[in-house]
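Asks: Quick mapping for you: the protein sequence lines, in order, are chains A and B. When you read off a place in the first sequence, starting at 1, and then add 64, the result is the number in our numbering. When you read off a place in the second sequence, starting at 1, and then add 7, the result is the number in our numbering. Questions regarding the structure given below will be posed in turn.
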Amino acid sequence: MTAQSPVTARRVKMAGLYAVLIILLLVAVVPLLWALSSSFKPVSEIFVYPPQLWPSHGTLQNFSDLFNNVPFPRWLWTSLWVSIVATAVAVFFCALGGYAFAKYRFPGQRILFDIMFSSMMIPFAVILIPLFVEMARIGWADQYVALIVPWVAPAFGIFMMRQFIVQSVPDEVIEAARIDGASEFGIFLRVVLPIVRPALGALAVWNFLNSYNSFLWPLVVLSTEERFTLPLGLNSLVGSYSREYGLVMAGTILAAVPTLLLFFFLRKQLIEGLTVGSVKG
Amino acid sequence: MAQLTRAAPERVLPRAKPRRNSRQYRAAIPYLFISPFYILYVLFLLGPTVYAIWLSLHEWAGIGPSRWVGFSNYTRLFRDTAFHQAVINTLWYVGASVFIVTPLALIVASALNTRGLRGRDIFRMAYFAPMVLSPVVVSLIFTIIFDQNFGLLNAALRGLIGIKPVNWLGSPTWAKVAIILLLIWRWTGYLVIYFLAGLQAVPRELYEAAEIDGAGPLRKFREVTVPMLKPVTAFVSITVFIGAAQIFEEPYILTKGGPGQSTMSIAHFIYRAAFLREDFGYAAAAGVLLFIVVFVLTRVLAHFFGVGREERA
């Protein structure tokens with residue numbers, strides 16, 4: 065009896081722990097499943113009491129409306145290509161900048177790094193108005209370049225790459241390549257980049273999510289409905305099809321699919337990449 | 008790219024080689040590599056920040072000439088009850104993020120860090136999932152979940168504890184609660200990954216040493232976990248603080264800032280002033296105030312956690 069009770073106590077504690085964790089898991093996931101289920105419902109079934117988890121008259125009408133009656137495919141395509149282009153350029157610039165901060169010693173390094181680091185603390189809302197005015201002045205209002213160019217060298221990405229390169233690229237490898245007569249850019253391209261490939265994946269996912277999900281900036285910059293990105297398009301659906309929540313839910317589900325897939329397949333890299341700089345401060 | 012095109016002929020001409028290795032050229036390399044960030048920084052961050060200050064001292068409708076008005080935009084802000092409301096609302100969101108979401112994330116991370124736990128990856132992934140979705144998507148989904156008559160939340164509350172339907176999005180108080188619930192839902196799992204990474208980096212020997220000293224779970228938490236997690240906690244608090252200070256999408260989509268202005272955030276106030284009321288100088292002034300507050304409070308938070316002190320040592 066006395067020997068058994070600590071084991072039993074531990075079992076009870078673990079069971080309680082699992083129960084709490086599973087409840088939290090449901091809290092996290094049920095809203096998404098609810099949206100999924102609603103996307104197959106006709107409107108009459110979304111606004112009923114009690115709510116039905118399983119649609120009783122399941123329909124694909126919402127999805128076909130999405131493709132036939134609204135410019136959904138165009139919004140999706142815009143969001144995808146804009147985010148991919150922005151991400152490709154950002155990964156290159158961040159890796160290059162992170163490499164310089166990690167492996168070179170140069171005058172002004174400390175202050176330049178501090179400037180970059182503290183730029184993350186400027187809330188976007190502060191520059192929203194002046195940046196929009198600037199875009200309008202240089203003729204980038206309602207243009208996709210405005211969604212891409214200002215964001216292709218994010219400070220967090222450079223910081224993330226610096227942390228990775230400090231940790232995973234030994235100085236000796238770089239020195240060896242230098243002695244072999246490789247150019248500085250060649251070392252970056254052929255020695256450093258292959259070593260930090262997992263980190264590039266993490267950075268790419270992070271940047272893609274940011275770009276694909278962004279709302280306030282596209283809302284301000286883009287004005288033509290055909291040029292909208294997906295979040296803008298979804299928002300405009302609520303305005304024009306106010307009670308068509310099945311349609312809106314179908315749109316949110318399809319919008320979520322690329323990000324969820326990307327996260328599912330690259331979650332290890334992403335989580336490692338996000339936390340690399342935080343543990344050691 | 009300039010780098011590549013210049014390097015190519017040099018390989019053919021040996022005479023060019025010394026130049027490539029010349030001190031001046033070598034010294035310029037790191038600056039070249041970091042230049043994209045600083046070019047964009049000057050054009051699209053520093054420039055606009057300075058321009059924001061200039062704009063905030065002018066009256067301008069977005070077109071036509073602007074007029075110097077000194078600090079009157081600021082004095083107007085201090086008297087504008089809508090702005091007061093936006094500041095108070097944003098403080099609620101920030102407070103909830105720092106004092107509810109952050110501790111909650113630490114607790115969940117500690118639970119996930121339990122030795123011998125199975126399915127850790129599944130839990131962590133599910134908790135993180137809300138953060139990979141666009142805030143627009145999330146807010147649209149929660150619009151139907153918070154629906155007073157047909158929403159899932161009210162149905163669940165009625166089934167579980169039998170309370171009357173709550174008017175989540177229609178009452179000024181409940182709307183704020185609804186947005187805070189949404190913040191908790193979206194951010195907690197994201198912060199969990201940072202705390203979990205921090206916890207996993209704490210050496211087991213420290214806990215074992217504390218156990219030998221006869222420390223219980225609470226003392227171990229206070230004397231080992233909390234100090235070891237200081238850098239992560241600093242990072243997380245500052246991240247969530249800056250995130251919440253500029254919150255826009257959730258109240259904008261869920262409630263349009265309403266009812267009235269009861270859920271409007273500062274970012275929403277700025278957006279409305281500029282793009283719906285064509286009061287650009289006024290909007291810029293609100294942005295400058297937000298900047299000052301965020302900057303000062305970030306410094307205070309960083310000081311509180313001692314960020315940078317060890318780094319310089």
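Cβ atoms here follow ideal geometry from the backbone N, Cα and C, with glycine treated the same way.
Within its chain, find whatever has a CB closer than 7 Å to the CB of S143 of chain A; leave out the 5 residues flanking it on each side and keep chain order.
Replies: Y276, T293 and L294
Asks: For the region 312-325 of chain A, list every residue whose C-beta sits within 9 Å of some C-beta in chain B, in sequence order.
Replies: V312, M313, G315, T316, I317, A319, A320, T323 and L324
Asks: Could one say the Cβ of N277 of chain A lies closer than 8 Å to chain B's Cβ atoms, at least one of them?
Replies: yes
Asks: I need the boundaries of the alpha helix (DSSP H) containing F90 of chain B, first residue and last residue.
Replies: T88 to A103
Asks: Can you tell me whether Y113 of chain A is buried or exposed, with buried defined as 16 or more other CB within 10 angstroms of its CB?
Replies: Counting C-beta atoms within 10 angstroms of its own C-beta, Y113 of chain A has fewer than 16 neighbours from the protein chains shown and is therefore classed as exposed.
Asks: List the DSSP bridge partners of W75 of chain B.
Replies: B:H65
Asks: So what does DSSP say about T109 of chain B, is it helix, strand or coil?
Replies: helix
Asks: Got a sec: is the Cβ-Cβ distance from V301 of chain B to anything in chain A below 8 Å?
Replies: yes
Asks: Roughly how many angstroms lie between the CA atoms of W175 of chain B and L188 of chain B, to the nearest whole one?
Replies: 11 Å
Asks: Any contact between the region 133-144 of chain B and the region 318-327 of chain A? By contact I mean 3 or more CB pairs, one from each, below 8 Å.
Replies: yes
Asks: When you check each C-beta in the region 90-101 of chain A against every C-beta of chain B, which residues fall closer than 8 Å?
Replies: In summary, the residues of the region 90-101 of chain A whose CB is separated from some CB of chain B by less than 8 Å are V91, A92, V93, V94, P95, L96, W98 and A99, in the order they occur in the chain.
Asks: Scan the region 250-279 of chain B for residues whose Cβ lies nearer than 8 Å to a Cβ of chain A and list them as they occur along the chain.
Replies: A252, Q253, F255, E256, I260, I273, A274, I277 and Y278
Asks: Please say whether F202 of chain B and L225 of chain B have beta carbons closer to each other than 8 Å?
Replies: no
Asks: Would the beta-carbon of V145 of chain B fall within 8 Å of that of L88 of chain A?
Replies: no
Asks: Assuming A309 of chain B is part of the alpha helix (DSSP H), what are its boundary residues?
Replies: F287 to F312
Asks: Give me the chain A residues within the contact set of Y214 of chain B, using Cβ-Cβ distance strictly less than 8 Å, ordered along the chain.
Replies: In chain order: nothing, as chain A lies at least about 16 Å away.
Asks: Return no unless some Cβ of chain A is closer than 8 Å to the Cβ of A116 of chain B.
Replies: no
Asks: Please work out which residues of its chain come closer than 6 Å, Cβ to Cβ, to R86 of chain B, disregarding the five sequence neighbours upstream and downstream, and give them in chain order.
Replies: Nothing meets the Cβ criterion.
Asks: Could you pull out every residue in the same chain whose Cβ sits closer than 8 Å to the Cβ of P218 of chain A, ignoring the five residues on either side in sequence?
Replies: Cβ contact annotation for P218 of chain A (same chain, cutoff 8 Å, sequence separation greater than five): A154, C158, N271 and N274, in chain order.
Asks: Once the 5 residues before and after Q92 of chain B are set aside, which same chain residues still bring their CB inside 6 Å of it?
Replies: Q268
Asks: What residue does the alpha helix (DSSP H) around F329 of chain A start on, and which one ends it?
Replies: Y309 to T339
Asks: Is the region 245-252 of chain B close to the region 300-308 of chain B, with three or more CB pairs under 8 Å?
Replies: yes
Asks: With a threshold of 8 Å, are at least 3 pairs of Cβ atoms found where one atom belongs to the region 255-273 of chain B and the other to the region 145-165 of chain B?
Replies: yes
Asks: Would you kindly report the start and end of the unbroken alpha helix (DSSP H) that includes W258 of chain B?
Replies: In the sequence as presented, Trp is not what sits at residue 258 of chain B; that position holds Pro. Residues E256 to L261.
Asks: From F188 of chain A to R74 of chain B, what does the alpha carbon distance come to, in whole angstroms?
Replies: 25 Å
Asks: With a threshold of 7 Å on Cβ separation, who are the neighbours of V149 of chain A within its own chain once the five nearest residues in sequence on each side are excluded?
Replies: I212
Asks: Which bits of chain A does T232 of chain B rub up against, with CB to CB less than 8 Å?
Replies: The contacting residues do not exist; T232 of chain B stays about 13 Å from chain A at best.
Asks: Go through its chain and collect everything with a Cβ distance to R75 of chain A's Cβ below 7 Å, but skip five positions before and after it.
Replies: none
Asks: What are the start and end residues of the alpha helix (DSSP H) that includes I187 of chain B?
Replies: P179 to Q207
Asks: When you compare only the Cα positions, how much space is there between A290 of chain B and I193 of chain A?
Replies: 7 Å
Asks: Indicate whether at least one CB of chain A lies closer than 8 Å to the CB of S141 of chain B.
Replies: yes
Asks: What residues from the region 326-341 of chain A come within 9 Å of chain B, judged by C-beta to C-beta, listed N to C?
Replies: Result list: L326, F327, F328, R331, K332, L334, I335, E336, L338, T339, V340 and G341.
Asks: Taking the alpha-carbon of R169 of chain A as reference, which of B:F40, B:L160 and B:L113 has the nearest alpha-carbon?
Replies: B:F40
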